[in-house]
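Everything on this sheet refers to the single structure shown next.
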């Protein structure tokens with residue numbers, strides 16, 4: 012699989028600077044890879060099937076007017092002012108006429124010298140809307156391209172001339188408004204269906220994650236119960252085990268009544284703390300220091316947002 016190739020000097024710099032530089036976005040590797048491919052990505056950002064789909068979409072978007080390149084980053088933008096800034100740098104490196112669409116875990120940004128600022132903003136919003144409604148990156152990239160397409164032709168006059176019933180006028184007065192109303196109604200219905208499906212999918216994924224954490228703590232309780240119930244067990248290990256057992260009991264009660272996202276997240280936080288207490292117990296029994304308390308990962312992913320236009324406040 013292709014991925015952004017990082018120069019040896021960047022690896023040495025990462026080793027010297029530590030974890031802060033691990034997510035640095037680099038323009039030159041992206042430019043080099045995009046000279047031969049339509050899509051480039053950082054390791055871990057795409058699966059093989061996602062890459063195949065995105066490659067197929069990007070291949071169809073190449074035209075005589077200009078290129079359409081896609082960059083998928085594994086981390087949010089940190090080393091540039093914005094995703095739009097990174098996309099501009101990549102397009103400038105490629106030169107010529109074209110578009111560069113950049114995806115990060117929380118942003119989509121488009122750079123183009125073929126389109127107006129308003130068209131770019133609309134394309135970014137179309138892409139963000141599509142991925143937030145459950146679409147893949149390939150589908151969202153297609154949505155951005157569709158937003159940049161030109162309108163299809165106008166109405167031509169009847170070359171035969173003459174009188175007769177004004178069917179064309181009737182079409183404009185009656186037919187087109189009815190068609191528009193049907194399109195709006197159908198679009199609203201599809202959006203509601205996508206939103207319901209996405210919500211159910213997110214809840215299901217969150218419940219699966221919580222169940223996995225609960226199973227781990229339950230197994231730890233069974234394993235460590237006998238090891239802490241002996242005279243020579245360290246007092247700190249016994250205390251950690253007791254606290255973890257109480258947290259687990261509290262989490263079970265919360266999960267029985269959890270019907271909303273906040274309630275499910277609160278219960279998950281208790282399970283994570285209980286798991287940490289079990290890890291602490293195991294470490295103290297082995298004569299090792301207690302591990303640091305972890306932070307609960309979010310159960311529900313944050314929505315992707317379109318890059319803020321130049322001059323607009325960030326985070327819109």
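In our numbering, the protein residues as written are 12 to 327.
Backbone N, C-alpha and C fix where the C-beta goes; we use that ideal spot for every residue, glycine too.
**OP:** Check whether the Cβ atoms of residue 76 and residue 149 lie closer than 8 Å to each other.
**Re:** no
Original post:
Looking at C-alpha atoms only, which residue of 142, 128, 46 and 218 is the closest neighbour of residue 309?
Top reply: 218
Original post:
What does residue 100 pair with, by DSSP beta-bridge criteria?
Top reply: Bridge partners of residue 100: none, in fact.
Original post:
In chain order, what residues of the same chain lie with their CB nearer than 7 Å to the CB of residue 153, ignoring the 5 residues before and after it?
Top reply: 68
Original post:
What is the DSSP secondary structure of residue 228, counted as helix, strand or coil?
Top reply: helix
Original post:
DSSP three-state call for residue 297: helix, strand or coil?
Top reply: coil
Original post:
In chain order, which continuous runs of the alpha helix (DSSP H) of length 4 or greater are located wholly inside the region 75 to 151?
Top reply: 94 to 105 and 128 to 143
Subject >> 8 Å contact criterion, which residue 229 and residue 282 should meet: CB distance rounded >> reply: Not really, about 10 Å apart at Cβ, beyond 8 Å.
Subject >> Simplified DSSP state of residue 271, which is helix, strand or coil >> reply: coil
Subject >> Boundaries of the alpha helix (DSSP H) in which residue 50 is found, first to last residue >> reply: Taken as a continuous stretch (DSSP letters only), residue 50 belongs to no alpha helix (DSSP H), being part of the beta strand (DSSP E) at 50 to 52.
Subject >> Simplified DSSP state of residue 72, which is helix, strand or coil >> reply: coil
Original post:
When we look at the beta-carbon of residue 253 and count the other beta-carbons within 10 Å, is it buried (16 or more) or exposed?
Top reply: exposed
**OP:** Compute the Euclidean distance between the alpha carbons of residue 220 and residue 279, then round it to the nearest angstrom.
**Re:** 9 Å
**OP:** Reducing DSSP to helix, strand and coil, say where residue 255 ends up.
**Re:** helix
Original post:
Using the rule of at least 16 other Cβ atoms within 10 Å of the residue's Cβ for burial, across every protein chain shown, is residue 123 buried or exposed?
Top reply: buried
Original post:
Where does residue 243 fall in DSSP's three states?
Top reply: coil
**OP:** Check whether the Cβ atoms of residue 296 and residue 259 sit closer than 8 Å, and answer yes or no.
**Re:** no
Original post:
For residue 263, which three-state DSSP category applies?
Top reply: helix
**OP:** Look at the Cβ atom of residue 120, then the Cβ atom of residue 135, and state whether they are nearer than 8 Å.
**Re:** yes
Original post:
Whose C-alpha, out of 106, 86 and 111, is nearest the C-alpha of residue 96?
Top reply: 111
Original post:
Which residues bound the alpha helix (DSSP H) around residue 7?
Top reply: Here the chain comprises residues numbered 12 to 327, so residue 7 is not present and cannot be evaluated.
Subject >> Residue burial classification, residue 222 (beta-carbon count within 10 angstroms, cutoff 16) >> reply: exposed
**OP:** Taking all protein chains shown into account, decide if residue 240 is buried (16 or more other Cβ within 10 angstroms of its Cβ) or exposed.
**Re:** exposed
Original post:
So, helix, strand or coil for residue 236, using DSSP?
Top reply: helix
Subject >> Simplified DSSP state of residue 58, which is helix, strand or coil >> reply: coil
Subject >> residue 55 versus residue 93: straight-line alpha-carbon distance, rounded >> reply: 21 Å
Subject >> DSSP three-state assignment for residue 304, whether helix, strand or coil >> reply: coil
**OP:** Could you check the C-alpha separation between residue 277 and residue 291 for me, to the nearest Å?
**Re:** 21 Å
Original post:
Exposed or buried, what is residue 118 when buried is set at 16 or more other beta-carbons lying within 10 Å of its beta-carbon?
Top reply: buried
**OP:** With DSSP as the reference, label residue 160 as helix, strand or coil.
**Re:** coil
**OP:** For residue 192, name the three-state secondary structure that DSSP assigns.
**Re:** helix
Subject >> Own chain, CB closer than 8 Å to residue 274, minus 5 neighbours either side, in chain order >> reply: 265 and 268
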